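Residue numbers (my numbering): 13 to 100.
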């Protein structure tokens, strides 16, 4: 497993712990704004993890495709993913 995937995995594990904490906050009837702030923090971690995975993909799969002259499909994949990120 490369460095980006290790970082992404660690980030997702942190997010998992935060999600469990958010669930407990809701169950305990905590203040809505505090819950919302924690949800935003989880969302940020998931986005960071996604960017690490995409970075890895571009540094390996896309670069390999470009070097072999078969980049069109990989560029289309990245474009579709980026459009989903931008449309949010």
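The C-beta atom is built at its ideal place from N, Cα and C for all residues, glycine as well. In this text the structure is predicted, and so the values were computed from the model without any measurement.
Residue i in three-state terms, based on DSSP
i          : result
residue 41 : coil
residue 29 : helix
residue 82 : coil
residue 13 : coil
Beta-carbon proximity check, residue i vs residue j, cutoff 8 Å
i          : j          : result
residue 58 : residue 47 : no
residue 86 : residue 74 : yes
Residues near residue i by beta carbon distance below 6 Å, same chain, minus five either side
i          : result
residue 37 : 47
residue 31 : 54
CB contact check: residue i to chain D, cutoff 8 Å
i          : result
residue 97 : No chain D appears in the structure shown, which is made up of a single protein chain.
Own chain partners of residue i with C-beta closer than 8 Å, once the 5 adjacent residues on each side are dropped
i          : result
residue 70 : 90
residue 65 : 16, 17 and 20
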